[in-house]
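Below: one structure, written as structure tokens.
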Amino acid sequence: MNSSVNTSTDEPRPTGTWDTEVEAESTILPYYTGLNGVDLATNTLFADILWLLLGFLALVVLGVRISETMWARQRQASATSMPCREQAHWKTAQWPWMPSLKKHLLYAPLLRKRHNREFRPLPAVSFGTLPSRPYAILMVVYLAVNVAAMSVLQLNKGNPNGYAVVAELRGRSGTLAVANMVPLIILAGRNNPLIPLLRISYDSYNMLHRWLGRLVVFQIVVHAACWTDVAAADRGLKHAFAEASRNDSLFMRSGVAGAVAAVVLLLSSFSPLRHAFYEIFLNLHILLALAVLATAWIHCASADVDHGLPQRPWIMAIVLLWLADRLARVVRTLRLHWPKGIASAAVCEALPGDVTRVTVPLPRYMDIKPGTHAFLRIWGISFWESHPFSIAWVHHDTGLRLPGPNKPKQSDAVTLATFLIRAQDGMTRKLFERASSEPKGVRILVTTEGPYAGYHDLNSYHHIILICGSTGITHQLSYIKSLLEGYNAGTVAIRRLLLCWIIRDKEWMEWVQPYIDAISRIPRSEHVMSIQVFITQRHLPLEVATAATQPLVRVSSGRPDMARLLAEEVQRQLGATCVTVCGAGALADDVRCAVRAVQGTNSVVDFIEESFTW
């Protein structure tokens, strides 16, 4: 950037010439040394504004969630105390504008249809997914606020020197970068308290974390570029590089190291690299993030200011937040395995379709909610890796306890958590190969961390449609047992429950056969429950397409027409309806599109999508 005034109070000097008198009176030199031109008070004010904005948004969402919870409890109480025929009014939207809001904003993809379907120019190359419309609006607004905060410069209170303005921008961008690191680290945590409080999935927070991280790196680059611009204007780029690499300046060297680490962190997070080499990315990401935090703290502490720069306590708070999340992970793990250590001997069985059934015995009774997942660390396979898997089935077994004279208590039970893990590459493939080595399966030590999520309560809905593809059945299965038991106890509103499962091969039905058998044995399950299995295998024999192993199950050939299926379900709607989906991105997008299409009927049709896209 060029100054708006001459760089000397004398006559203009010829290009390429320097003299000591000009250097002494330079109007450039002060603005890349110390805090000359930096407005600390205004910078801190804008950081406070950003935090207040995020806090206000969180409070708004919290208010919405509280009102939703109160309304759902009223609906559930009504359903359990009144006959089914008197529940029809619950299927009509409370406010006539709500279905339109869901269709055009809350459930809308960014553009027309595509949301969770990945962009894959090649089978092994993924460019990730698009944010939904509400999240895109949120990110654009927050980006605009940050750009405005960086653009509202006081021009050094009337100082016409352009380099003073650049110095002010340098301070502003650096301050906002550190300020944004606070929500950045909160969004990255598995134990983020806002997840259950606001009922926003970790997948959504992770997406916001990625976009906010890009903004932070952009602000760090602007911070570094502003310093370089002024230093280079004074004595050229060679002089700027020499100043930045001075051995006697911890302040400068830490700043350069932090900026380089931030840029490398951004480049290594590029979606194709992240998906192709996830474990390498994850470990490198943590190391580079710690490097950015360490160098930022040194940069603030070594500044030529009494007690360092005011951003130093912010960095300490960021580190404490990161450590708190790590500690919470350890506590969750110990809580599941206590008092037997940090691992359990899980039974791993190979199933058709390259799926491994992993049954983890937890040494005591654990009340695991439907819709939860846990991170598994499998010893002897890949101990240093930890991956999330939905908990497909939970069984409390008192028979595994030693026999005694007293009647078994609930607290005496051992909890068996079952996972269905599809073999891809890396750890899951090694696990399947190990399980395949023995016809009856193998026992492997497994460390379980969780459970996470489980904040979606379906108990107040009269009509529930669970849609899944392949191993997405694991997420949906966990709700069925709880809902049917609640129906028999008269504590839930459910009057119709449909499970729609899309698979490629008829043999895949073996994955869940024990659980379908258990569901069919629940009293009165046939009154509300039906299961439709769609097998997409070509040339499916007619007898397979029409056969079913249970009265609850109907097997069909081909892919379902989601728009038609949901339209038919809405026509027979009994009350408030909820549609949930867990599966491939293309399936989720089809279901989302179908749910939006039925919003014009003024019926209550809610939508929940479960995904792991990070």
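Counted the way UniProt numbering counts, the sequence shown spans residues 1 to 614.
Note that the Cβ used here is the ideal one computed from N, Cα and C, for glycine as well.
My guess is that A328 and N191 are in contact by the Cβ rule of under 8 Å, so how many angstroms apart are they, rounded? 4 Å
Would you call E21 buried or exposed, if buried means 16 or more other Cβ atoms sit within 10 Å of its Cβ? Confidence at E21 is low in this model, with a pLDDT of 36, below 50, so its placement is unreliable and no value can be given for it.
Identify which residue in P370, A58 and F281 has its Cα closest to the Cα of E485. P370
Could you say which of R504, R199, S482 and V579 lies nearest to G63 if we only look at CA atoms? R199
CB-CB length for G469 against A584, believed under 8 Å: 5 Å
Would you mind working out which of N488, W501 and S460 sits nearest T474, comparing C-alpha positions? W501
Is the segment 344 to 364 touching the segment 500 to 516, taking contact as three or more C-beta pairs under 8 Å? yes
With a threshold of 8 Å on Cβ separation, who are the neighbours of C226 within its own chain once the five nearest residues in sequence on each side are excluded? V166, A167, L169, R170 and S173
Is residue 675 helix, strand or coil by DSSP? No information on residue 675 is available, as it lies outside the stretch 1 to 614 that the chain covers here.
Reduced DSSP secondary structure (H/G/I, E/B, other) of A232: In this structure, DSSP gives A232 a helical state, which the three-state scheme calls helix.
Taking Cβ to Cβ, would you say L321 is nearer than 8 Å to I186? yes
In angstroms with no decimal places, state the Cα-to-Cα distance between R377 and T428. Straight-line Cα distance between these residues: approximately 11 Å.
Please determine, among I137, V178 and D229, the residue with the shortest C-alpha to C-alpha distance to F46. V178
Between which two residues does the beta strand (DSSP E) containing A350 stretch? S344 to L351
What three-state label does DSSP hand S603 in the structure shown? DSSP places S603 in strand when its eight states are reduced to three.
Alpha helix (DSSP H) containing H115: first to last residue? It is not in any alpha helix (DSSP H) - H115 carries neither H nor E in the DSSP assignment.
Proximity winner among G236, R332 and I220, relative to V292 (alpha-carbon distances): I220
CA nearest to the CA of G255, picked from H456, R335, A301 and L483: A301
Give every residue of the same chain whose Cβ lies closer than 6 Å to the Cβ of S390, excluding the five residues on either side of it in the sequence, and list them in chain order. H373, T474 and H475
Limits of the beta strand (DSSP E) - the one that G450 falls within: Unbroken beta strand (DSSP E) run through G450: V442 to A453.
What's the C-alpha gap between P99 and H527? Each residue's alpha carbon lies about 30 Å from the other.
What's the C-alpha gap between N2 and I28? Legend: pLDDT at N2 = 42, less than 50; position of this residue unreliable, no value from coordinates given.
Over the uninterrupted beta strand (DSSP E) stretch that includes T372, give me the two end residues. T372 to I378
Hey, how far is the Cα of H223 from the Cα of V147? In a straight line, the C-alpha of H223 is about 13 Å away from that of V147.
Exposed unless 16 or more other CB atoms sit within 10 angstroms - verdict on G558: exposed
With a cut-off of 8 Å, do at least 3 Cβ pairs link the segment 248 to 265 to the segment 209 to 219? yes
Span of the beta strand (DSSP E), counted from its first residue to its last, around A259: Run containing A259: none in the beta strand (DSSP E); it sits in the alpha helix (DSSP H), L250 to S268.
Bridge-paired residues (DSSP) for F419: As DSSP reads the structure, F419 sits in a beta bridge with V358.
Whole-number beta carbon distance between R133 and L101, since they are thought to touch under 8 Å: Not quite, the Cβ-Cβ distance comes to about 11 Å (not below 8 Å), so this is no contact.
Is it right to say A489 is buried, meaning 16 or more other beta carbons lie within 10 angstroms of its own, or is it exposed? By the neighbour-count rule (16 or more Cβ atoms within 10 Å), A489 is not buried but exposed.
Ordered along the chain, which non-local residues of its own chain (more than five positions away) have a Cβ less than 7 Å from that of V553? I516, I531 and V533
Rounded to a whole number of angstroms, what is the C-alpha to C-alpha distance between L197 and D203? 15 Å
Status (buried if at least 16 other CB within 10 Å, exposed otherwise) for P313: exposed
Burial state of E569, where buried means 16 or more other Cβ atoms lie within 10 Å: buried
Segments assigned alpha helix (DSSP H), at least 4 residues, entirely inside the segment 270 to 315: 271 to 276 and 278 to 301
Helix, strand or coil for R335? Go by DSSP, reduced to three states. Helix, per DSSP.
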